[in-house]
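Q: One structure, pasted below without further comment.
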């Protein structure tokens, strides 16, 4: 499944592999939605389970085609059942919540391999082929106590199993001041602490 060009470096096949799981930790839902954006724009249906109160406007601004997005609010005890049903009919499945038991994970894996559905999970998922961890999030746009948040800069650490085992650090604007999603230079690490350059012109970067 295609992803936005800025996100290709996070994934070993430069896209979402059907039947495989990508886990995302430390970054809320923004990175998950961004990973689904290109696929929905190309005509692929996306299902989201466990995202009560999902901001549809924010999803649209990230590039998600809302005409191809199915959001299902289900009780926690039925989320796996709903996910299994959706996996047979969508190309990308977004999940949030505690990982189910090993037998249920294996059952979901069989369904997604058969249907060709790629799975992106918010949180830990044992056995995930690709593991993405948001290492830092920095907003820019605020000046001396006033202004607007205009851009968000992230550093994502990508790893996993097999072809994804080589760890990579990728800097992203998600989004930049023009609303675009693009790559950014990852911060230099000195003595274990990232050094973040200060923004010029519009004020300092603010960590949230």
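Residue numbers (our numbering): 17 to 224.
From the three backbone atoms N, C-alpha and C, an ideal C-beta is built for every residue, glycine too.
1) Measuring alpha carbon to alpha carbon, tell me which of 47, 37, 144 ends up nearest residue 109.
2) Since residue 41 and residue 149 are thought to touch, with beta carbons under 8 Å apart, how far apart are those beta carbons, to the nearest angstrom?
3) Where residue 151 and residue 93 are concerned, what is the direct C-alpha to C-alpha distance, given to the nearest angstrom?
4) Below 8 Å on the Cβ atoms is my contact criterion, and I expect residue 95 with residue 63 to pass it. Report the Cβ-Cβ distance as a whole number of Å.
5) Would you call residue 20 buried or exposed, if buried means 16 or more other Cβ atoms sit within 10 Å of its Cβ?
6) Check the DSSP bridge columns for residue 27 and list the partner residues they point to.
7) Helix, strand or coil, according to DSSP, for residue 95 in the structure here?
8) Would you decide whether residue 104 is buried or exposed? Buried here means 16 or more other CB atoms lie within 10 Å of its CB.
9) Give every residue of the same chain whose Cβ lies closer than 6 Å to the Cβ of residue 86, excluding the five residues on either side of it in the sequence, and list them in chain order.
10) How would you call residue 55, buried or exposed, if buried means at least 16 neighbouring beta carbons within 10 angstroms?
A: With the given structure in hand:
1) Checking every option, the nearest Cα to that of residue 109 belongs to 37.
2) Contact flag correct, Cβ pair sits at about 5 Å.
3) Computed Cα separation, rounded: 31 Å.
4) That pair is no contact at about 12 Å.
5) Looking at its Cβ environment, which holds 16 or more other Cβ atoms inside 10 Å, residue 20 is buried.
6) Beta-bridge annotation (DSSP): residue 27 is not paired with any residue.
7) Of the three classes helix, strand and coil, the one that applies to residue 95 here is helix, per DSSP.
8) Counting the other CB atoms within 10 Å of its CB gives residue 104 a total below 16, which places it among the exposed residues.
9) Cβ neighbours of residue 86 beyond the five flanking positions: 63.
10) Burial check for residue 55: the Cβ neighbour count within 10 Å reaches 16 or more, so the residue is buried.
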